[in-house]
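**Student:** Each protein sequence line maps, in turn, to chains A, B, C and D.
For what it's worth, our numbering labels the leading residue of the first sequence as 2, then goes sequentially.
For what it's worth, our numbering labels the leading residue of the second sequence as 2, then goes sequentially.
For what it's worth, our numbering labels the leading residue of the third sequence as 2, then goes sequentially.
For what it's worth, our numbering labels the leading residue of the fourth sequence as 2, then goes sequentially.
Number of protein chains: 4
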Amino acid sequence: MGRRHASNARYKVGSVDLIRIVDAAPSVAAEVGESLNVAWSTEFDDLLTDPMVDAVVIAAPTPLHAEMVKLCAAASKHILCEKPIALDVETTVEAIEAARKHNVKLQVGFHRRFDPAWRAAFDRIQAGELGEVYQFHSSHRDLKPPSLERVRASGSIFVDAAIHDFDIARWLVGEIDEITTFGAALSNPDQLGLDNAVSVLRFASGALGVIDNSRVAGYGYDCRSEVMGSKATVRIGHPTQTDIEWLADGHESVDFVRDFAEGFAEAYGLELSDFAEAVRLDKEVAVSGEDGLAAFVLGTAAERSLAEGRTVRLNRKGTGRTVKYSMA
Amino acid sequence: MGRRHASNARYKVGSVDLIRIVDAAPSVAAEVGESLNVAWSTEFDDLLTDPMVDAVVIAAPTPLHAEMVKLCAAASKHILCEKPIALDVETTVEAIEAARKHNVKLQVGFHRRFDPAWRAAFDRIQAGELGEVYQFHSSHRDLKPPSLERVRASGSIFVDAAIHDFDIARWLVGEIDEITTFGAALSNPDQLGLDNAVSVLRFASGALGVIDNSRVAGYGYDCRSEVMGSKATVRIGHPTQTDIEWLADGHESVDFVRDFAEGFAEAYGLELSDFAEAVRLDKEVAVSGEDGLAAFVLGTAAERSLAEGRTVRLNRKGTGRTVKYSMA
Amino acid sequence: MGRRHASNARYKVGSVDLIRIVDAAPSVAAEVGESLNVAWSTEFDDLLTDPMVDAVVIAAPTPLHAEMVKLCAAASKHILCEKPIALDVETTVEAIEAARKHNVKLQVGFHRRFDPAWRAAFDRIQAGELGEVYQFHSSHRDLKPPSLERVRASGSIFVDAAIHDFDIARWLVGEIDEITTFGAALSNPDQLGLDNAVSVLRFASGALGVIDNSRVAGYGYDCRSEVMGSKATVRIGHPTQTDIEWLADGHESVDFVRDFAEGFAEAYGLELSDFAEAVRLDKEVAVSGEDGLAAFVLGTAAERSLAEGRTVRLNRKGTGRTVKYSMA
Amino acid sequence: MGRRHASNARYKVGSVDLIRIVDAAPSVAAEVGESLNVAWSTEFDDLLTDPMVDAVVIAAPTPLHAEMVKLCAAASKHILCEKPIALDVETTVEAIEAARKHNVKLQVGFHRRFDPAWRAAFDRIQAGELGEVYQFHSSHRDLKPPSLERVRASGSIFVDAAIHDFDIARWLVGEIDEITTFGAALSNPDQLGLDNAVSVLRFASGALGVIDNSRVAGYGYDCRSEVMGSKATVRIGHPTQTDIEWLADGHESVDFVRDFAEGFAEAYGLELSDFAEAVRLDKEVAVSGEDGLAAFVLGTAAERSLAEGRTVRLNRKGTGRTVKYSMA
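#1: Chain A partners of residue 309 of chain B, CB-CB under 8 Å?
#2: Just to confirm, does residue 167 of chain D get its C-beta within under 7 Å of one of the non-hydrogen atoms of the ligand COA?
#3: Three-state secondary structure (DSSP) at residue 97 of chain D?
#4: Jot down the residue ranges of each uninterrupted beta strand (DSSP E) in the region 207-266 of chain B, minimum 3 residues, whole runs only, in chain order.
#5: Scan the region 210-240 of chain A for residues whose Cβ lies nearer than 8 Å to a Cβ of chain B and list them as they occur along the chain.
#6: Once DSSP output is grouped into helix, strand and coil, what is the label at residue 9 of chain C?
#7: What whole-angstrom Cβ distance do residue 41 of chain D and residue 33 of chain D have, given they're in contact under 8 Å?
#8: Does DSSP put residue 25 of chain A in a helix, in a strand, or in coil?
#9: For residue 216 of chain C, which of C:56, C:60 and C:188 has the nearest alpha-carbon?
#10: Where does residue 46 of chain C sit, in a helix, a strand or coil, going by DSSP?
#11: Hey, residue 66 of chain D and residue 100 of chain D are a contact pair by Cβ (cut 8 Å); roughly how many whole angstroms apart?
#12: Does the region 189-196 of chain D come within contact of the region 215-231 of chain D, defined as at least 3 CB pairs closer than 8 Å?
#13: Can you tell which of D:275, D:314 and D:144 has the C-alpha that lies nearest to the C-alpha of residue 111 of chain D?
#14: With a Cβ-Cβ cutoff of 8 Å, do residue 166 of chain A and residue 141 of chain A count as a contact?
#15: Listed in chain order, which residues of the region 144-168 of chain D have Cβ atoms closer than 9 Å to some Cβ of chain A?
#16: Tell me the DSSP secondary structure of residue 103 of chain B in three-state form.
#17: Using a C-beta cutoff of 8 Å, does residue 293 of chain B count as contacting chain D?
#18: Is residue 70 of chain A near residue 96 of chain A, with beta carbons less than 8 Å apart?
#19: Would you identify the three-state DSSP class for residue 2 of chain A, choosing helix, strand or coil?
#20: Rounded to whole angstroms, what's the CA-CA distance from residue 316 of chain C to residue 180 of chain C? Just pull it up for me.
#21: Note down, in chain order, every chain B residue with its Cβ under 7 Å from the Cβ of residue 23 of chain A.
#22: Return the Cβ separation of residue 255 of chain D and residue 222 of chain D in integer angstroms, given the expectation that the two are a contact with Cβ distance under 8 Å.
#23: Going by C-alpha distance, which of B:12, B:143 and B:149 is nearest residue 39 of chain B?
#24: Quick check: the Cα distance between residue 280 of chain D and residue 272 of chain D, rounded to an integer number of angstroms?
#25: Does DSSP put residue 275 of chain D in a helix, in a strand, or in coil?
#26: Given this structure, state the Cα-to-Cα distance separating residue 319 of chain D from residue 326 of chain D, to the nearest angstrom.
#27: For residue 18 of chain D and residue 52 of chain A, I'd like the C-alpha separation in whole angstroms.
#28: List in chain order: all unbroken alpha helix (DSSP H) runs of 4+ residues lying wholly within the region 280-309 of chain A.
#29: So what's residue 145 of chain C in DSSP terms, helix, strand or just coil?
#30: Do you know how far the Cα of residue 220 of chain A is from the Cα of residue 288 of chain D?
#31: Which term fits residue 168 of chain C, buried or exposed, when burial requires 16 or more other beta carbons within 10 angstroms of its beta carbon?
#32: Give me the chain C residues within the contact set of residue 257 of chain A, using Cβ-Cβ distance strictly less than 8 Å, ordered along the chain.
#33: Taking the alpha helix (DSSP H) that residue 335 of chain A belongs to, which residues open and close that run?
#34: What residues in its chain sit with their C-beta under 7 Å from that of residue 146 of chain A, if we drop five residues either side in the sequence?
#35: Identify, in the order they occur along the chain, each residue of the same chain with its Cβ nearer than 7 Å to the Cβ of residue 172 of chain C, setting aside the five sequence neighbours on each side.
#36: Residue 211 of chain D: which of C:236, C:182, C:224 and C:238 sits nearest, CA to CA?
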């Protein structure tokens, strides 16, 4: 992810100047910095003390996120932080508070909100074109699982992958009252464990939501949403690589994207561009720290629902951008 | 439904001769009989005593189904009965036993199994092309609710509509161990009541299933299924009326069918044709009385899950065509 | 084609009774007749003298069509004749006149007009929903060429295959003033000869038309049309076998039909059903002998345009159902 | 177009630094320069004498193109010039020669070659996946005509719009021997004149090509290509704005783009990026001056074919990147 953001900053997002690369591994820092022709080092502090740096993109391992957010905030650097901010609520809240206290922007990396298709659906829902929402559906499936090592490091499918769907559900439909999660370990139960899951949501509005996830879809990386309303229904998604159809041997086929990086290449650039604009114009960021917290709490609620075989209720304090989720 | 089957028997299914129409209402019987140019009467007994009649299609109100099945069986007439056979398990079992005792065919009217798209998917799944199944999805939504009167008469959305999805789930994926159902009353809560529902299935194989139903989809009659497997995934469905695309005013659009009759016009003819072939060649019918019972039990299990806010387990006795479902 | 019509008459079109099969080859007549459980013989005269026979479907080799039409007409049997009626204009006109003189229905086998997609487009064009037509396009391509023997017997790609597109062009858009045809012999020039062709039409209305044909499309049987109008544009076609999508190995694919028989299975039944209704209700048939003549003249005009490297103008006498086409 | 390129250079293409804007109209130059925060002036000479400027993008009125190319070449500035270079062959050749003599890059603005869909098709054709090409099709249609004033200024539909299709035909399939063009003036014959056209191509390989153009498609901006080969067929195009489907009122619809700028937004950025890389790495540009000349000659050949009602043959001298087209 760090390479992706750096490359976007360097080549794709003209409104951003890439100033420097920091990675604890000298070989990585050197390779990326040299290939992009920018300064590089292994010291996080170099970012904090560089007066040319207005903002920092944090794509480090998750356990380091919160501390880095606090350091950036203290150094008055704006922050775009990959999700999740931390693996517990308390640390997440502390990081959010630090940004607020030091008056820096903190945006969480929910790239899907910037994809033109999801954005277009959001705009039309906001404009009232769907009427009252009845059902929300999201399918989010990986071609194949990451390495078992990476699976262990990145947490459950709920805080690693479904967290994006929880965020999209809140963004498109609204706040969530209940979650009931079902899981299955089918392809490689001994090592991979749970690889397919279904979560049913009850929104505060009364609408129903269904999220399905899979680590072993096999056919491609698939990411689609549907929102059914009283006036209209919208289907969102773009599984194919490019707009060509291939006709041969009795079939007409399109090619799936292979992973999220390919599927959301445009969205990552737009995310960075939007963050830069929020910094430049001193606007609210599009995805707040509280948004990151809410999706993370939903991920842990899914884990608990699955473990305890019951519906888990969510509590909320406050509303809007500063809403705070917790499990009931 | 009676008119549809009669018209198919008369005009579309060349292997069937329509002999006579019976309806308790003289005006209906007369109108249908005369328009199709066949004998008609108001006495069910006329069917039973007519030696030209080999088989009877029962499309009467549900409460009459079981008794009619028993009468037909006693008169050695084969039976194609609309679902459900009865609104309780015991009566359903009695009807099934009557057909068995008198050695007549009893087929239940799950027309979707005869639709070419679902049939093609079934064949490829049976051939092993999907590998092990991981997830099953079915969306089954009506454009708008029937009259409140008809809603009251036809039972809950689960035994009236979702029953087809339960049957398709068993047929495509296999037996079901658990069901958890969620519902919402959103469009007209006082009168229509529950109008949107989600049921999560746990198959005996461990696979997960999701069925969503709506009485108020608004955009059209929609009926689609998806089966995700270890080797391939198949999507099934045909929402559009005919293969034309209409391009105007900045849009490219296709027309949805308006109801199940339009969506499954071909399937109804194929269902009748297949039943006739089973009778003629003395083969097993494609959908057994026990299939009808199983889907009905799943419908009542969905009702109980919703009422009690918990997962309902299913019991089964026997296997294959004579499997008997009951709630645990 | 004979088998197809016979099977449809026997099994699919309930409003038709199949009375008898005639084929000059005893083995064919016997096999078809016995498999369909109807009388069969090798004498065409048996059809003419059978008082149970109201109408005859002619699917013999093209050189026999016209004589059979005349015999049927003289025997007061209505006729559904496969296209073309004859391989020259004079014989075609004689056959049409014979049917008129004896007051029998003569319908030409342009099945595509009965396909629900083309029919729906036709209805909407007739209703004025397209406005003024600007462009017509038709792609009509075979998976692979028939045997060289059959290619020689069935005439050029223009009178054998494109003839359907010429008919559809007239039906959807209107009469045609000019045709300019281009051809290429690419896959097997020595034996197969011309295997790809493009014909440009100028309609009497001023609209432009393009028809492309191929004997070697390779990927499947493909048949699509498009009509672009001042108010809307419609795309017509159904290349896929059934409404399933197959997702595997990075692709999402649908299956093409393999030939016209698979692509237009429903249309053939509807064609026969419509013909039967015209006979029963004494209505005008949907496709007249003059329609068959017009498309045949367009096919020969395409051949001439190609041979002479120039645009060929068409003359017409009369209008509507009795219009007579000839080359200028 | 100038604004588009300038905005891309400033915001979207990170590998390019926008140095200055020149426009003869002070208000335009000022507005664009100030909105993009770069130097601006009304003197073309300012570009030539600015040592920071490595390359110039020419998006001036067509009659000025060739002279500007020569001035840039003489000043050793690389050039990305909108098509066509000039409205006659001689001037076009002079401009090409000037660039060659001064050893500067000259790229012509055929943006469609950079669209990911067309690029993917090109790559697979180059890799031999299509086998031998049999047919090429391209549909290129505007939602509605530009103002009559602009129609007069920009030349015929052939040198203004179809020129892109001629370029794509050469790029995807190869050199062209013959062109036969048909036109119709249907929507507003007195003022707009010809508004629909069909051009049939004969490629040097023997393959057939069809290009249709319209200024009055009405439903949206549509741009699609198809290449049919002996091994496979590819369909290329992306008429829709974003990947959402809208379901309402019995329809499922997608939104067309409204014009080429919307349809090829990504392609314009990739075109500029690719040009910048050719300059930076001293590589051949992707679209040569001779490519621009060839497509222009094809446009004028289409005009002549239409005017004279005959097929026009093309002559070529040389091969590959330095091929020179002329009319026979």
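Glycine is no exception: its CB is placed at the ideal position from the N, C-alpha and C atoms.
**Tutor:** Reading off the structure:
#1: For the purposes of this step, residue 309 of chain B is taken as residue 308 along the second sequence, with counting starting at 1. By Cβ distance, chain A contributes nothing, its closest Cβ being about 12 Å from residue 309 of chain B, past 8 Å.
#2: For the ligand COA, the structure offers nothing, since it holds no ligand at all.
#3: Counting from 1 along the fourth sequence, the entry for residue 97 of chain D is found at position 96. Three-state DSSP puts residue 97 of chain D in a helix.
#4: 209-215, 223-230, 234-238, 245-249 and 252-256
#5: 211, 213, 215, 217, 218, 219, 220, 229, 230, 231, 232, 233 and 234
#6: Translated into the one-based positions of the third sequence, residue 9 of chain C becomes position 8. Residue 9 of chain C: helix per DSSP, three-state reduction.
#7: Indexing the fourth sequence from 1 puts residue 41 of chain D at position 40. Indexing the fourth sequence from 1 puts residue 33 of chain D at position 32. 7 Å between Cβ atoms; contact.
#8: For the purposes of this step, residue 25 of chain A is taken as the residue at position 24 of the first sequence. Correct three-state label for residue 25 of chain A: coil.
#9: Along the third sequence, one-based indexing puts residue 216 of chain C at 215. Out of C:56, C:60 and C:188, C:188 has the C-alpha closest to the C-alpha of residue 216 of chain C.
#10: Position 45 of the third sequence, counted from the start, is the residue given in the question as residue 46 of chain C. Of the three classes helix, strand and coil, the one that applies to residue 46 of chain C here is helix, per DSSP.
#11: Residue numbering aside, residue 66 of chain D sits at position 65 when the fourth sequence is read from its first letter. Residue numbering aside, residue 100 of chain D sits at position 99 when the fourth sequence is read from its first letter. That pair is no contact at about 12 Å.
#12: yes
#13: Taking the first residue of the fourth sequence as position 1, residue 111 of chain D is located at position 110. The candidate whose alpha carbon is nearest that of residue 111 of chain D is D:275.
#14: One-based indexing of the first sequence puts residue 166 of chain A at position 165. One-based indexing of the first sequence puts residue 141 of chain A at position 140. Yes, the pair counts as a contact, with Cβ atoms nearer than the cut-off.
#15: none
#16: Here residue 103 of chain B is taken as the residue at index 102 of the second sequence, counted from 1. Three-state result, residue 103 of chain B: coil.
#17: Along the second sequence, read from residue 1 onward, the residue named residue 293 of chain B stands at position 292. It does not; no Cβ of chain D falls within 8 Å.
#18: Counting from 1 along the first sequence, the entry for residue 70 of chain A is found at position 69. Counting from 1 along the first sequence, the entry for residue 96 of chain A is found at position 95. In this structure, residue 96 of chain A lies closer than 8 Å to residue 70 of chain A by Cβ.
#19: Within the first sequence, the letter at position 1 stands for residue 2 of chain A. Here residue 2 of chain A sits in coil by DSSP.
#20: By one-based count along the third sequence, residue 316 of chain C stands at place 315. By one-based count along the third sequence, residue 180 of chain C stands at place 179. Cα to Cα, residue 316 of chain C sits roughly 12 Å from residue 180 of chain C.
#21: What you label residue 23 of chain A is simply residue 22 of the first sequence in a count that begins at 1. Going along chain B, no residue has its Cβ under 7 Å from residue 23 of chain A, so there is no contact; the nearest lies around 41 Å.
#22: Mapped onto the fourth sequence, residue 255 of chain D falls at position 254. Mapped onto the fourth sequence, residue 222 of chain D falls at position 221. Going by Cβ atoms, the distance from residue 255 of chain D to residue 222 of chain D rounds to 13 Å, so no, they are not a contact pair.
#23: Stepping through the second sequence from its first residue, residue 39 of chain B is reached at position 38. The residue with the shortest Cα to Cα distance from residue 39 of chain B is B:12.
#24: Locating residue 280 of chain D in the fourth sequence gives position 279, counting from the first residue. Locating residue 272 of chain D in the fourth sequence gives position 271, counting from the first residue. If you take the alpha carbons of residue 280 of chain D and residue 272 of chain D, they lie about 13 Å apart.
#25: Position 274 of the fourth sequence, counting from 1, holds the residue named residue 275 of chain D. Three-state DSSP puts residue 275 of chain D in a helix.
#26: Locating residue 319 of chain D in the fourth sequence gives position 318, counting from the first residue. Locating residue 326 of chain D in the fourth sequence gives position 325, counting from the first residue. Roughly 9 Å separates the two Cα atoms.
#27: Position 17 of the fourth sequence holds residue 18 of chain D. Position 51 of the first sequence holds residue 52 of chain A. Distance between the alpha carbons of residue 18 of chain D and residue 52 of chain A: 23 Å.
#28: 290-309
#29: To locate residue 145 of chain C, count along the third sequence from 1; it is residue 144. In this structure, residue 145 of chain C counts as coil in the three-state DSSP scheme.
#30: Stepping through the fourth sequence from its first residue, residue 288 of chain D is reached at position 287. Stepping through the first sequence from its first residue, residue 220 of chain A is reached at position 219. Their backbone Cα atoms lie some 37 Å apart in a straight line.
#31: Here residue 168 of chain C refers to the residue found at position 167 of the third sequence. By the 10 Å Cβ count, residue 168 of chain C comes out buried.
#32: In the first sequence, residue 257 of chain A corresponds to position 256, counting from 1. Chain C residues near residue 257 of chain A: 248, 251, 252 and 253.
#33: Residue 335 of chain A lies beyond the range of chain A shown here (2 to 329); nothing can be said about it.
#34: To locate residue 146 of chain A, count along the first sequence from 1; it is residue 145. Result list for residue 146 of chain A: 152, 193, 196, 216 and 217, in chain order.
#35: On the third sequence, position 171 is the one that residue 172 of chain C refers to. Hits under 7 Å: 114 and 123.
#36: Position 210 of the fourth sequence, counted from the first residue, corresponds to residue 211 of chain D. Here the closest residue by C-alpha is C:182.
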